[in-house]
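Participant: The structure under discussion is supplied below as C-alpha cells; questions concerning it will follow.
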Amino acid sequence: MVAITLPDGSVRSFEGPVSGLEIAKNISTSLGKAALAVFVDGDMWDLTRVIDRDAKVSIVTAKDESALELLRHDAAHIMAQAVQELYPGTQVTIGPSIENGFYYDFARDEPFSTDDLEKIEARMRDIVDRKLEIVREVWDRTEAIAHFEGIGEKYKAEIIRDLPGTETITVYRQGDWKDLCRGPHLPSTDKLGKAFKLTKVAGAYWRGDAKNAVLQRIYGTAWANQKQLDDYLHMLEEAEKRDHRRLGKEMDLFHFQLEAQGAVFWHPKGWAVYRTLRTYMRNRLEAAGYLEVNTPQLVDSHLWELSGHWANYRDNMFVTGSEDKTLAVKPMNCPCHIQIFKQGIKSYRDLPLRMAEFGACHRNEASGALHGLMRVRAFTQDDAHIFCTDDQIESETKAFCDLLRSVYADFGFSEIKVKFSDRPENRAGSDDVWDRAEEALKRATAAAGIETSPNPGEGAFYGPKLEFVLRDAIGRDWQCGTLQVDYVLPDRLDADYVGEDGNRHRPVMLHRAILGSFERFIGILIENFAGKFPLWLAPTQVVVTTITSDGDDYAHTVAATLRKAGLRVEVDTRNEKINYKVREHSHKKVPVIAVVGKREAEEGKVALRRLGGDAQEVLALTDAVAKLMEEAKVPGL
RNA sequence: GCUGCCGUAGCUCAGUCGGUAGAGCACUCCCUUGGUAAGGGAGAGGUCGAUGGUUCGAAUCCAUUCGGCAGCACCA
216 MVAITLPDGS
226 VRSFEGPVSG
236 LEIAKNISTS
246 LGKAALAVFV
256 DGDMWDLTRV
266 IDRDAKVSIV
276 TAKDESALEL
286 LRHDAAHIMA
296 QAVQELYPGT
306 QVTIGPSIEN
316 GFYYDFARDE
326 PFSTDDLEKI
336 EARMRDIVDR
346 KLEIVREVWD
356 RTEAIAHFEG
366 IGEKYKAEII
376 RDLPGTETIT
386 VYRQGDWKDL
396 CRGPHLPSTD
406 KLGKAFKLTK
416 VAGAYWRGDA
426 KNAVLQRIYG
436 TAWANQKQLD
446 DYLHMLEEAE
456 KRDHRRLGKE
466 MDLFHFQLEA
476 QGAVFWHPKG
486 WAVYRTLRTY
496 MRNRLEAAGY
506 LEVNTPQLVD
516 SHLWELSGHW
526 ANYRDNMFVT
536 GSEDKTLAVK
546 PMNCPCHIQI
556 FKQGIKSYRD
566 LPLRMAEFGA
576 CHRNEASGAL
586 HGLMRVRAFT
596 QDDAHIFCTD
606 DQIESETKAF
616 CDLLRSVYAD
626 FGFSEIKVKF
636 SDRPENRAGS
646 DDVWDRAEEA
656 LKRATAAAGI
666 ETSPNPGEGA
676 FYGPKLEFVL
686 RDAIGRDWQC
696 GTLQVDYVLP
706 DRLDADYVGE
716 DGNRHRPVML
726 HRAILGSFER
736 FIGILIENFA
746 GKFPLWLAPT
756 QVVVTTITSD
766 GDDYAHTVAA
776 TLRKAGLRVE
786 VDTRNEKINY
796 KVREHSHKKV
806 PVIAVVGKRE
816 AEEGKVALRR
826 LGGDAQEVLA
836 LTDAVAKLME
846 EAKVPGL
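And the structure:
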C-alpha cells in the first residue's frame, strides 16, 4: 500500500507503487492530460517515475511557475538533439535552464553562425512534432562512462567520473538520442510547444574556468505560450530602446573614445545631471552626519602593500612612478581615509566618525568587461567609511539602511533586495576575525530588520558585505549600494583611538556606498527613466521657444527670469515653425517647453507644455517661475 | 583577457559579380513669421577603422592590427 497525500490534505491509497501520471489520472482525466511532472516530498520528479513509498505529492501543470523551468530544460535537450542531428561530431556538455530561457554548451571546432541558429530552431520544431517520449533510465556508472566514451562524448564521461559515487546515474532518452541528465523532464517532446526562440551564440569556458577550453554556447528563450514569448521579446526591444549608450548619444550627455578607454567624456548636459546628483548626495550625507574629505589620486605603493591591495589587486591597478618611487592611482579610498583618521589622537568621543569622499578611483578592468557607463575604468564613488566601536555597528548599520532606502525612494526605487556576501577564498585577516565580522554584520542586519539572501564567498578581501540590489522600471535588478564590516584594514594600517578606559583600541571600519559610482548610477537612471528624467535631474529643464520672431526679446526675458530662479534653461528663437520646435525638444526629452507668442509677450505670461502631454497651461510668468522652482527642487534640501 | 559577429558622412543605414561612393536625418545658406510632434529650395560634408598583400584596378578578396557589440571570465 502506498498512501499519497495531496496538497489539499486529502490522502489517496494505491495498491502498490504508482506513478505521478497514474495519480493525476486518478484525480481527474483532465489533470491526467495536463500533468507535466510531479513534486514528490518537495522534489520534482518525472511523471512516469514510480513512487514506491508514502509521500506528499502535487501535480505540476503548465500553470505552475516550476513548469517553465522544466520546459526550458527540455528545450535545451531538444536543441542539443537538433544540433547533433545537424552537425554530427559535435559534443554535448551541459545545458541548464536559466532565467527566461536556456542554453547548451557544445564542443565543435567550427563556430555556429546566425544562419545555423535558424536551421537548429527549425529542426527543434521538427523534434517537437515527432512527439518523442522522454524516458528516464538508471544506468550503471562504469557502463555509462564506457558508453559516452564509446560515442566520443568526452565531456559527458568526465562529468560522470566527477560525480560522487553515491549519485544515481540517470540517462534521458528521447527517440534514439540520449543525454546524461539529472532530470526531471517533460513526458514527451511535444509538451515543449513552439513558444521558443534561439537568441544568440557566444563562447563560454568549460566549467566556467578561463583556463579551460572555449565551448560554443547557444542561448534560447522558451515560454509556456506564444503570448509570453512575444511579451518577453517586446521587453528586450524596450530595454534596447532605453540603452543608456544610445540615449547618452541622442541626448548629448557624454561620449567615449579610444584614447581614454573606459573613461567618460561628460558633455555639458551629462555633467549637469552629474552635478545635480552630486549636490543631492552631498546634502543627504551632510544631513546624516558625514564629514566630507578629499584624498590623493597617486599614492605610494608602500601604502597599498600595507593595506593588502598590492597582494590582492595589483594586476588591476594603474601603476606609475616618480624618481625612485612606485606610485599607484588609487583604486579605492579607504587606505587614504585611514591616514586622515590617524592624524592626531582620536578619542572614543570622536566615534562614530563618518568620513565621506566623492572619491575618483581607477581600476584597470579587462577590456572585454567595459560597458558604457555601467563598467568603466575611471569612476567616482559616493564613498564613506564609518570608524566606530563594535557596539556602534548595529545602530550605524540601521541608520545607513534607512538613509539608503530614503535615497533610493527619491529616485522612485522602492523594491530593494539585500545579499549577504561572506568570506571569499582570497582574503586578508584570520578566520577568528572573519567569524567576528560576519557575526557582527548578521546581528546588525537582524537588528535593522533586514532580510538578506546568502551570497557565499563574494565578500571583499577585508570583510563581509551587504549588497543592496534595486529593481528598475522594467524589472531589471541592479546592485548599487554596499555595506562592509572591516576589522582588517584598521589593523593593517594601525588605526586606533583612546577608549573610556584610557587604553588604545582598534576601531571597526564600515565601508559603505549608496549609489555605488556616479557614472553607473547615472547609466541606471537613464535606462530607468528612458531618458525622461524627473524635472530636478533633467539636464535642460525648460526650453523657452518662440512662435514668431516678435517674441524673441520676451523669450530672453523669460529665460533670464527662470535662470535666476536656479533652473537650467535654453532659449530657441530659431526661424522654424512651432510644430517643428516642439517635436525636436520633445525628442530631446526636455521636461518643460515654455512657448511664448505675441499674446504671452503682451500679457506677461508663458504657455507651459509638459513632455508626454499635449495640454498647455498658460500662467503669469511669476507664477510659472514659482511653480517650476518648487517642482525642480532637489529632494532632501 | 577569451570566443563569435561587426567597423561606409555628425547619426541611422544602402552599396549586386572587384571598375574609384549613395539615401534619410542633422549641419550651412536662401525663401518662409508660421499658435503646440517634420514648410520649401540649394549647398557643404567620406584616405569606406588602420596597415600590409593579391590584382591593370580593392569599400568589396586575403593577412595582421585597433576599436565596437554579445556572451564568458573578472568586478576590492
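Residue numbers (this note's numbering): 216 to 852. Heads up, the beta-carbon is just placed ideally off N, CA and C, and yes, glycines get one too.
1) Give a yes or no on contact between the segment 713 to 731 and the segment 661 to 668, applying the rule of three or more CB pairs nearer than 8 Å.
2) Based on Cα-Cα distance, which residue from 568, 311, 525 and 322 lies nearest to residue 501?
3) According to DSSP, is residue 570 part of a helix, a strand, or is it coil?
4) Going by other Cβ atoms of all chains shown within 10 Å of its Cβ, with 16 needed for buried, is residue 815 buried or exposed?
5) Kindly provide the ranges of any beta strand (DSSP E) runs that are 3 or more residues long and lie completely inside the segment 718 to 746, ordered along the chain.
6) Nearest to residue 538 by alpha carbon, out of 528, 515, 313 and 559?
7) Indicate whether residue 856 and residue 556 have their beta-carbon atoms separated by less than 7 Å.
8) Do you know how far the Cα of residue 526 is from the Cα of residue 626?
9) Is residue 576 near residue 704, with beta carbons less than 7 Å apart?
10) According to the Cβ coordinates, are residue 793 and residue 800 closer than 7 Å?
11) Let's see if you can read the secondary structure: which residues bound the alpha helix (DSSP H) around residue 527?
12) Using the three-state DSSP reduction, which class does residue 716 fall into: helix, strand or coil?
13) Do residue 770 and residue 811 come within 7 Å of each other at the CB atom, strictly closer than that value?
14) So which of 371, 322 and 391 has the shortest CA-CA distance to residue 346?
15) Could you pull out every residue in the same chain whose Cβ sits closer than 6 Å to the Cβ of residue 463, ignoring the five residues on either side in sequence?
16) Hey, would you say residue 342 sits closer than 7 Å to residue 360, going by beta carbons?
17) Whose C-beta lies closer than 6 Å to the C-beta of residue 535 among residues of the same chain, with five residues either side of it excluded?
18) Measuring straight from C-alpha to C-alpha, what distance separates residue 455 and residue 545?
19) Going by alpha carbons, who is nearest to residue 707 out of 553, 380, 741 and 734?
20) So for residue 785, helix, strand or coil by DSSP?
21) How do the segment 730 to 745 and the segment 589 to 600 stand: do at least 3 beta-carbon pairs fall below 8 Å, yes or no?
22) Taking the beta carbon of residue 427 as the centre, do at least 16 other beta carbons fall within 10 Å, making it buried, or is it exposed?
23) Taking residue 290 and residue 317 to be in contact with their CB atoms under 8 Å, please state how far apart those CB atoms are, rounded to whole angstroms.
24) For a test of the three-state rule: what should DSSP assign to residue 221, helix, strand or coil?
25) Quick check on residue 822: does DSSP put it in helix, strand or coil?
26) In terms of alpha-carbon separation, which member of 842, 798 and 834 lies closest to residue 828?
27) Could you tell me whether the Cβ atoms of residue 689 and residue 453 are closer together than 7 Å?
28) Taking residue 505 as part of the beta strand (DSSP E), name the residues at either end of that continuous run.
29) Between which two residues does the alpha helix (DSSP H) carrying residue 241 extend?
30) Can the beta-carbon of residue 758 be found less than 7 Å from the beta-carbon of residue 773?
31) Using the three-state DSSP reduction, which class does residue 472 fall into: helix, strand or coil?
32) Buried or exposed: which applies to residue 387, given that a residue is buried once 16 or more other Cβ atoms fall within 10 Å of its Cβ?
33) Under three-state DSSP, which class holds residue 623?
34) What does the alpha-carbon distance come out to for the pair residue 335 and residue 421?
35) For the segment 245 to 308, list the alpha helix (DSSP H) runs that are entirely contained and at least 4 residues long, ordered along the chain.
36) Return helix, strand or coil for residue 848, following the three-state DSSP convention.
Facilitator: Let me lay it out:
1) no
2) 568
3) strand
4) Buried.
5) 723 to 732
6) When each option's Cα is compared against that of residue 538, the closest is 515.
7) Residue 856 lies beyond the range of the chain shown here (216 to 852); nothing can be said about it.
8) 39 Å
9) no
10) no
11) 524 to 528
12) In the structure shown, residue 716 sits in coil (DSSP, three-state: anything other than H, G, I, E or B).
13) yes
14) 391
15) 469
16) no
17) 542
18) 34 Å
19) 553
20) Three-state result, residue 785: strand.
21) yes
22) exposed
23) 5 Å
24) coil
25) strand
26) 798
27) yes
28) No beta strand (DSSP E) contains residue 505, which DSSP labels as neither H nor E.
29) 235 to 242
30) no
31) coil
32) Of the residues assessed, residue 387 falls on the buried side of the cut-off, its CB having 16 or more other CB atoms within 10 angstroms.
33) DSSP places residue 623 in the helix class (H, G or I) of the three-state scheme.
34) 22 Å
35) 280 to 301
36) Reduced to three states, the DSSP call for residue 848 is coil.
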